[in-house]
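J.: Sharing a structure here in structure tokens format.
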């Protein structure tokens with residue numbers, strides 16, 4: 164029986180001599196794995212279907228060892244992401260995040276659309292990839308129940324007057340009075356970057372100009388938070 168899904172390739176793994184095992188993030192079923200038979204052969208018809216970032220309608224047939232991809236209608240390859248190292252590194256990080264937080268056969272349409280928007284901006288807009296990465300991670304935390312409180316202390320509810328801290332145990336941002344032992348300070352520059360990037364649509368990120376190098380420090384802090392929440396160290400750039 165055939166099954167058609169709309170999905171993004173988030174990982175591919177060599178399997179046997181000419182096959183690939185593909186990890187797909189699909190709109191309908193969340194994360195699934197499927198096989199591409201003979202796809203490493205020089206004249207394979209579906210060789211494009213194995214590439215990272217490929218966004219397509221895949222037709223699957225259930226085989227003895229799992230689902231097999233029999234056809235693929237490409238919607239977008241997001242090929243331009245691969246033209247710059249920083250953009251590729253950011254795109255790879257986005258796929259790594261998705262692979263880490265989404266379970267098999269657990270649909271998450273909101274995250275699927277978030278991923279698509281981030282990849283589209285990376286591919287087609289002149290934007291700092293760090294802006295995209297920070298925006299995506301903030302959205303991930305929010306979507307999975309770890310929303311960052313950027314306007315007031317998440318513990319006492321008071322305003323941030325001087326210093327603010329990220330509690331690595333809880334993932335919450337607190338004031339000095341509520342600071343927990345396992346916390347790192349968030350500078351005013353990083354705090355400002357978080358607020359601006361959170362409040363800006365992906366499509367408008369290219370118009371932003373944050374304080375110099377603030378995006379790298381901001382991304383580093385969010386990567387630490389991600390590692391604490393999901394036990395996965397991200398490769399940041």
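In the working numbering, the protein residues as written are 164 to 400.
Ideal Cβ positions, reconstructed from N, Cα and C, are used throughout, including at glycine.
(1) Could you check which residue in 247, 249, 222 has the C-alpha nearest to that of residue 237?
(2) From which residue to which residue does the alpha helix (DSSP H) around residue 279 run?
(3) Measure the Cβ-Cβ separation of residue 174 and residue 258 and say whether it is below 8 Å.
(4) Is residue 267 near residue 371, with beta carbons less than 8 Å apart?
(5) Is it the case that the stretch 310–324 contacts the stretch 334–348, given that we only count it when at least three CB pairs across the two stretches are under 8 Å?
(6) Thinking just about the alpha-carbon of each residue, which of 368, 301, 240 is nearest to the one in residue 382?
(7) Indicate the three-state DSSP secondary structure (helix, strand or coil) for residue 328 in the structure shown.
(8) What are the start and end residues of the alpha helix (DSSP H) that includes residue 140?
(9) How close, in whole Å, do the beta carbons of residue 199 and residue 187 come, if the pair is a contact with beta carbons under 8 Å?
(10) For the alpha helix (DSSP H) holding residue 348, just list the boundary residues, first then last.
(11) Can you check which of these residues, 358, 234, 349, is closest to residue 165 by C-alpha distance?
T.: A quick look at the data gives this:
(1) If we check each option's Cα against that of residue 237, 222 comes out closest.
(2) Counting along the chain, residue 279 sits inside the alpha helix (DSSP H) bounded by residues 272–287.
(3) In this structure, residue 174 places its C-beta atom within 8 Å of the C-beta atom of residue 258.
(4) no
(5) yes
(6) Among 368, 301, 240, the Cα nearest to that of residue 382 belongs to 301.
(7) strand
(8) Outside the displayed span of the chain (164 to 400) sits residue 140, for which this structure offers no information.
(9) Not really, about 11 Å apart at Cβ, beyond 8 Å.
(10) Run containing residue 348: none in the alpha helix (DSSP H); it sits in the beta strand (DSSP E), 346–349.
(11) 234
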